[in-house]
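Numbering (the working numbering), first residue to last: 25 to 342. Here is the structure we will look at.
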């Protein structure tokens, strides 16, 4: 399958590529991509990335690594200027599944690093978080429009990855909250990402309050491009991609220009990553105990949620 894709790329004229060809090419370039699922819609030149964390709906180190590998693979395959008209991916869209979009950062990973005093692992987590956000904000260096749709509750640092996209929407039942301040912590990329969209004052208020916002409230604060009815987020993105195809070059140019106008995001996030790593390693035993209790609360909450879903699944299968 990959060989047939390579032969298509050798021809001078643009071509509509097979779904499997595009996905195979990305997987061949990126390697193993745990906790993600790829699908491609050639009619609108859109690659969907579904985030599927395996144990908890959190941004694990493995998930962050997979997302960066996908971004880098697309840029490496089709990012050269002479490849623009052949590139099969014009839109890179992110979505989630399940009762939560994300519970945020991987607390179990943090606790393990703290127990081992593993600065290198924490720094790598921060680096991957920052790298993914930089690529999203730049549209893979001007190659694509990046989009995300939020279908459920999004918590903490897990908001930053989708908000770093050029376009972020939410279904009306979604909600957003940064609770980190309540346990002496802060999300790695939120200050930079939120400030670019909401302005520094609104971002500061959201991060310092730790209060939950509805999708409409987050929209009013400048955090979203649109709020859509339940179950229509993906359809909204499909329509956006279809409508934007004729003006794709102009849109990517504008997003790139505004991204540059906002300042050097990479440099800012590298600095924030260092601050975050230092902050984590400065947590005292009381704060670490609070993190442990929060992680345990997550486990109990997820157990209740998934237990309630089992009878529904059984009825559907009857």
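The beta carbon of each residue, even a glycine, is placed where N, CA and C say it ideally should be.
Legend entry - Unbroken beta strand (DSSP E) run spanning residue 201, endpoints: 199-201
Legend entry - Validate contact between the region 243-258 and the region 139-159 using beta carbons, cut 8 Å, 3 pairs: no
Inset, instruction - Say whether the region 175-184 touches the region 125-134, bearing in mind that this needs 3 or more beta-carbon pairs closer than 8 Å, one atom from each stretch. - result: yes
Inset, instruction - For the region 147-182, list the alpha helix (DSSP H) runs that are entirely contained and at least 4 residues long, ordered along the chain. - result: 163-166
Inset, instruction - Tell me whether residue 188 sits in a helix, a strand or coil according to DSSP, three-state version. - result: coil
Legend entry - Straight-line Cα distance separating residue 325 from residue 304: 25 Å
Inset, instruction - Would you identify the three-state DSSP class for residue 328, choosing helix, strand or coil? - result: helix
Inset, instruction - Would you check if the distance between the CB atom of residue 70 and the CB atom of residue 265 is smaller than 7 Å? - result: yes
Legend entry - Same chain, Cβ closer than 6 Å to residue 243, neighbours up to 5 away in sequence not counted: 251
Legend entry - Which listed residue (294, 322, 57 and 169) has its alpha carbon closest to that of residue 103: 169
Legend entry - Burial state of residue 239, where buried means 16 or more other Cβ atoms lie within 10 Å: buried
Legend entry - Cα-Cα separation between residue 211 and residue 42, rounded to whole angstroms: 39 Å
Legend entry - Endpoints, alpha helix (DSSP H) assigned at residue 95: 85-102
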